[in-house]
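Q:
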Amino acid sequence: MKRFKTLCGALALASTVALTLTACGGSGTGSGVPQSGGDLVMARADEATSLLPSVPTDNASIWVIEEIYDTLTVPDQSGKSVQPSLATSWSQSSDKLSWTFKLRKNAKFTNGQAVTSADVKFSIEQNQKSDAPFSFIDTVITKIDTPDPATVVFHTKKPWSPLPADMALYANSIVPKDYAGKSASQFAAHPIGSGPFKFASWSKGSSLKIVKNTGYWRKGTPHLDSVTFTTVPDSNTRATQLASNQIQINEYPSNSSIKSLKAQPNLTVSMFPSSEIDYLSMNVRRAPFDDVDVRKAVSQAIDKKAILKAVYYDHGTLAGGFLSPTTWAHDASIKPVPHDVAAAKATLAKSSHPHGFSTTITISSGSQDASSEAQLVQGDLAKIGIKVKIKTLDPSAISTAKHAGNYDMAFGLYTTDIVDPDEIARFAGTYDGGSNTLYSGYKNSKMDTLAATASSSPDQSARKAAYDQMQQIIADNVPYIPLFYVPGIYSYGKVSGFHPAATGNYFLEKVQLTK
Amino acid sequence: MLRWFARRLLLAIPVIWGVVTISFVMMHLAPGDPARTALGEKASDASVAALRHQWGLDQSLPLQYVSYLRQLVHGDLGTSVYYHAPITSLMAQRLPVTLSLVVLSAILTMLISVPLASRSATHPNGLAALAVRLFNAIVQGAPTFFIGAMLILFLGVRVAIFPAGGYPASIGGRAWALVLPALTIALGTVPIMVRGLRAAMTESYGSEYVAFARSKGLPERPIRYRYVLRNAGISGVSILGIQVGALASGALVIEQVFAIPGMGSMLMTGILNRDYALVQACTLVFGLLVVVVYLGTDLAYARLDPRARLS
Numbered sequence: 034m035k036r037f038k039t040l041c042g043a044l045a046l047a048s049t050v051a052l053t054l055t056a057c058g059g060s061g062t063g064s065g066v067p068q069s070g071g072d073l074v075m076a077r078a079d080e081a082t083s084l085l086p087s088v089p090t091d092n093a094s095i096w097v098i099e100e101i102y103d104t105l106t107v108p109d110q111s112g113k114s115v116q117p118s119l120a121t122s123w124s125q126s127s128d129k130l131s132w133t134f135k136l137r138k139n140a141k142f143t144n145g146q147a148v149t150s151a152d153v154k155f156s157i158e159q160n161q162k163s164d165a166p167f168s169f170i171d172t173v174i175t176k177i178d179t180p181d182p183a184t185v186v187f188h189t190k191k192p193w194s195p196l197p198a199d200m201a202l203y204a205n206s207i208v209p210k211d212y213a214g215k216s217a218s219q220f221a222a223h224p225i226g227s228g229p230f231k232f233a234s235w236s237k238g239s240s241l242k243i244v245k246n247t248g249y250w251r252k253g254t255p256h257l258d259s260v261t262f263t264t265v266p267d268s269n270t271r272a273t274q275l276a277s278n279q280i281q282i283n284e285y286p287s288n289s290s291i292k293s294l295k296a297q298p299n300l301t302v303s304m305f306p307s308s309e310i311d312y313l314s315m316n317v318r319r320a321p322f323d324d325v326d327v328r329k330a331v332s333q334a335i336d337k338k339a340i341l342k343a344v345y346y347d348h349g350t351l352a353g354g355f356l357s358p359t360t361w362a363h364d365a366s367i368k369p370v371p372h373d374v375a376a377a378k379a380t381l382a383k384s385s386h387p388h389g390f391s392t393t394i395t396i397s398s399g400s401q402d403a404s405s406e407a408q409l410v411q412g413d414l415a416k417i418g419i420k421v422k423i424k425t426l427d428p429s430a431i432s433t434a435k436h437a438g439n440y441d442m443a444f445g446l447y448t449t450d451i452v453d454p455d456e457i458a459r460f461a462g463t464y465d466g467g468s469n470t471l472y473s474g475y476k477n478s479k480m481d482t483l484a485a486t487a488s489s490s491p492d493q494s495a496r497k498a499a500y501d502q503m504q505q506i507i508a509d510n511v512p513y514i515p516l517f518y519v520p521g522i523y524s525y526g527k528v529s530g531f532h533p534a535a536t537g538n539y540f541l542e543k544v545q546l547t548k
Numbered sequence: 049m050l051r052w053f054a055r056r057l058l059l060a061i062p063v064i065w066g067v068v069t070i071s072f073v074m075m076h077l078a079p080g081d082p083a084r085t086a087l088g089e090k091a092s093d094a095s096v097a098a099l100r101h102q103w104g105l106d107q108s109l110p111l112q113y114v115s116y117l118r119q120l121v122h123g124d125l126g127t128s129v130y131y132h133a134p135i136t137s138l139m140a141q142r143l144p145v146t147l148s149l150v151v152l153s154a155i156l157t158m159l160i161s162v163p164l165a166s167r168s169a170t171h172p173n174g175l176a177a178l179a180v181r182l183f184n185a186i187v188q189g190a191p192t193f194f195i196g197a198m199l200i201l202f203l204g205v206r207v208a209i210f211p212a213g214g215y216p217a218s219i220g221g222r223a224w225a226l227v228l229p230a231l232t233i234a235l236g237t238v239p240i241m242v243r244g245l246r247a248a249m250t251e252s253y254g255s256e257y258v259a260f261a262r263s264k265g266l267p268e269r270p271i272r273y274r275y276v277l278r279n280a281g282i283s284g285v286s287i288l289g290i291q292v293g294a295l296a297s298g299a300l301v302i303e304q305v306f307a308i309p310g311m312g313s314m315l316m317t318g319i320l321n322r323d324y325a326l327v328q329a330c331t332l333v334f335g336l337l338v339v340v341v342y343l344g345t346d347l348a349y350a351r352l353d354p355r356a357r358l359s
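Residue numbers (our numbering), protein chains in the order written: chain A, 34 to 548; chain H, 49 to 359.
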């Protein structure tokens, strides 16, 4: 693994040279007249793993699933609310214990079958099974009624405001009842949805093709005839493929290549607001991180601005509150902790370890960014007497170590899958929300109460007040340091109308190739 | 000859068993939970436990080992937890890609090495020999993936003869897409091959049988092909055999760089995702490949040099 990491580093160097050279060449035009039809080729680092909505957790699968299937609701562009999709309207009962959704009547699956409430019930029940990774989103649903083919009623354990947003989750995509008579694995091999595109072919490890659904209920879209997703793990190869017009969209170019890509007149580099937040977690179950003054001192000592510049090439902003600015629950009054070595020393002097200590920071192998980031943190903390040893583990091992609480400090990132703040407030803010408060082990019953209050209240201002308090508690107790709000970055050639949402949805039905 | 071959075939069995056992133990001892990796960070502990039970990961290691061996004996390589597909069907897609890459790179290695070695052996003090030495020094000094990146840049983007990575749907397109990665791998082997062949050819040119052939008045061309190259070929086959055997690690990096969906990139995905069955199957197949290549090398060696059969 060490050898592979070294190879990757050297390759990055080689390719920086390559990209600098390619910046002088290229062909085609970056802007042009949108046209109908054509095959859009998008190169992505990772391959989809499954197209059965209740199975995968990776973005490579999720963002294809969203093109093939419909959900009852769909996130809006900003990621702050949801809009109608298969459901045209929804309402909560007066006792707040059920939600009724009215379905669109002209929606059909690509096998010609009409979309009915029975399909919705079957689909949601698949995601409620215990081995479905996102089953936790639907555990609040106790019963699903289908009084008529165009009406679905979800009964909930308690008043549950996030339900319309939960229904926009990819894992709650609507599939035909009983998988249209197929087994789950047969259906996964040839999926049928009612979305703007339909599945065409999949050559595992190489490419996945979807074609226009001519019977799509939203008339006039999609514009493209087809979309081909190719798997190109190396970001430099994706960049050269874009430069040679082999592909039209390059997903996630490396930060180091963006300057070169921007210099090419034929290409566009766009940064879309995303819900991603990068953080540094501290294990409060272990000394000395059980001391809040130690954690505060670490936060003050780290020069986040310098890391943002050196590692992220200034692509992003310094983070304050742990809820992203792309959600309505973000508290803008919580500012990033300023870099102040003197203040950090003073805070550490008040702590249980006034003269410093030795600790470790666990990073993911193969990530040059994480390695650089850790070295900068190491340098910053050394200035206040904290000696940091960098420990490298591969991604799977680091995930296990974090879940087991077997680490001192570690980097990580999180994104939200639904537009309602509930999911991420519980995941990153509460001990029982799935990550033990972002693996820090920080326990605070007030956080649980606030999360429960926020999800049950029908009043958005009351919810916002609860989320503001949660963000303030994390800022005051620092179990982890939100470092950066990171945008979603894409580079592309002859393409118009490409605007991924904050949740990542591509909305490819709006995209056109240009001449 | 048949007994000689059968003995070597029998010796391969403990080698394969060793590969299977070591890969099993190493994967299971490495930290990381496949169920957690498969379900993602947000899945509940109960979901992870349910999946661990479903996959038999909650059983003891010896029990898992025995059921894995039993499964292998029945020809079942298992199911990939990352790709959610039977490994045999994944192999059917990936193995031909890697084999094509290996064969094409071996052919290119020979096509480049033989003329270069031949030229520098026949004219050891000429300008061409100096150029070959320089070429060897540069190519051997540069890491293979760097050569790959440079080839993509010049032949894939600047001149645009070959695709800059990727693997198209058409058969012709695929063959064309394999040229650059195969050339990259070949260039990694060429310096070693040229050096070995040149030394062997120089030795042959100075041998008594070549002096005898010359004294009989045979022209240089038949001497080169019938005497010199045939004898030098023995060392060439050995080097090529070892290099092809080492392709497992070469394919891993090159397939990533060129986005070629072969065994190397699949193995990498398996390792990162703790896909036990996939990694074990890939290791087994790579192990088998190495054994087959070494057997083939021994056969070719025996064919070229009858003394090898006697030993």
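Using N, Cα and C, we set each Cβ at its ideal position, and we do this for glycine too.
1) Report yes or no: do the stretch 262-276 of chain H and the stretch 295-315 of chain H share at least 3 C-beta pairs separated by less than 8 Å?
2) Excluding sequence positions up to five away, which residues of its chain have a Cβ less than 6 Å from the Cβ of Tyr249(A)?
3) Based on the DSSP secondary-structure assignment, which residues constitute the bridge partners of Phe232(A)?
4) Is any beta-carbon of chain H found at less than 8 Å from that of Pro561(A)?
5) At which residues does the beta strand (DSSP E) containing Asp311(A) begin and terminate?
6) Return helix, strand or coil for Glu284(A), following the three-state DSSP convention.
7) Going along chain H in order, which residues have a C-beta closer than 7 Å to the C-beta of Gln274(A)?
8) I need the DSSP call for Ser397(A), collapsed to helix, strand or coil.
9) Taking a contact to mean a Cβ-Cβ separation below 8 Å, would you say Pro166(A) touches Thr90(A) in this structure?
10) State buried or exposed for Ile155(H), treating a residue as buried only when at least 16 other CB atoms are found within 10 Å of its CB.
11) Please return the same chain residues whose Cβ sits closer than 6 Å to the Cβ of Ala455(A), not counting the five positions on each side in sequence.
12) Quick check: the Cα distance between Thr482(A) and Ala461(A), rounded to an integer number of angstroms?
13) Could you check which residue in Asp171(A), Leu241(A), Gly70(A) and Gln125(A) has the C-alpha nearest to that of Val97(A)?
14) Could one say the Cβ of Gly324(A) lies closer than 8 Å to chain H's Cβ atoms, at least one of them?
15) Please go through the same chain and pick out, in chain order, the residues whose beta-carbon is closer than 6 Å to the beta-carbon of Arg271(A), but skip the five residues on each side of it.
16) Flag Gly61(A) as yes if its beta-carbon sits less than 8 Å from any beta-carbon of chain H, otherwise no.
17) Note down the Cα distance separating Val258(H) from Gln291(H), rounded to an integer number of angstroms.
18) Give the residues from the stretch 291-314 of chain H that approach chain A closer than 9 Å (Cβ to any Cβ), ordered along the chain.
19) Could you have a look at Ile240(H) and say whether DSSP puts it in helix, strand or coil?
20) Which full runs of the beta strand (DSSP E) of 3+ residues lie inside the stretch 385-466 of chain A, going along the chain?
21) Can the beta-carbon of Pro369(A) be found closer than 8 Å to that of Leu351(A)?
22) Count the other CB atoms within 10 Å of the CB of Thr143(A); is the residue buried (16 or more) or exposed (fewer)?
23) Over what stretch of residues does the alpha helix (DSSP H) that includes Tyr539(A) continue unbroken?
24) Would you kindly work out how many angstroms separate the C-alpha atoms of Gln119(H) and Ile200(H), rounded to a whole number?
25) Below 9 Å between beta carbons is the criterion; list the residues of the stretch 483-508 of chain A that meet it against any residue of chain H, in chain order.
26) With DSSP run on the structure shown, which of helix, strand or coil describes Tyr513(A)?
27) Is the CB of Phe232(A) under 8 Å away from at least one CB in chain H?
28) If contact means a Cβ-Cβ distance below 7 Å, which residues of the stretch 386-397 of chain A contact chain B?
29) Does any CB atom of chain H fall closer than 8 Å to the CB of Gly112(A)?
30) Using only the alpha-carbon positions, how far apart do Ser71(H) and Thr331(H) sit?
31) Where does the unbroken alpha helix (DSSP H) through Met198(H) begin, and where does it stop?
32) Tell me the DSSP secondary structure of Trp132(A) in three-state form.
33) Measure from the C-beta of Ser95(H) to each C-beta in chain A and report whether the shortest distance is under 8 Å.
34) Tell me whether Gln161(A) sits in a helix, a strand or coil according to DSSP, three-state version.
35) If you measure from the beta carbon of Ala47(A) to each beta carbon in chain H, is any gap under 8 Å?
36) Asp181(A) bridges to which residues according to DSSP?
A: Considering the structure as presented:
1) no
2) Pro229
3) Ile243(A)
4) Missing from the structure shown is residue 561(A); chain A here goes from 34 to 548 and no further.
5) Thr301 to Met315
6) strand
7) Ala212, Gly213 and Gly214
8) strand
9) yes
10) exposed
11) The identity of residue 455(A) in the sequence shown is Asp, whereas the question assumes Ala. Answer for Asp455(A): Pro195 and Ser488, listed in chain order.
12) 14 Å
13) Leu241(A)
14) The residue you asked about is not Gly; residue 324(A) is Asp in the sequence shown. Cβ-Cβ to chain H under 8 Å: no for Asp324(A).
15) Ala76, Val265 and Asn283
16) Caution is warranted here: a pLDDT of 32 is assigned to Gly61(A), below 50, making its placement in the model unreliable, and the coordinate value is therefore given only provisionally. False, the Cβ-Cβ gap to chain H never drops below 8 Å.
17) 29 Å
18) Ser297, Leu300, Val301, Glu303, Gln304, Val305, Phe306, Ala307, Ile308, Pro309, Gly310, Ser313 and Met314
19) helix
20) 390-397, 419-426 and 442-447
21) yes
22) buried
23) Neither: Tyr539(A) is in no alpha helix (DSSP H) and is coded neither H nor E.
24) 42 Å
25) none
26) strand
27) no
28) In the structure shown, chain B does not exist; the protein chains are A and H.
29) no
30) 7 Å
31) Thr192 to Leu199
32) strand
33) yes
34) coil
35) Interpretation of Ala47(A) is limited by its pLDDT of 43, a score under 50 that renders its predicted location unreliable; no figure is taken from the coordinates.
36) Thr184(A)
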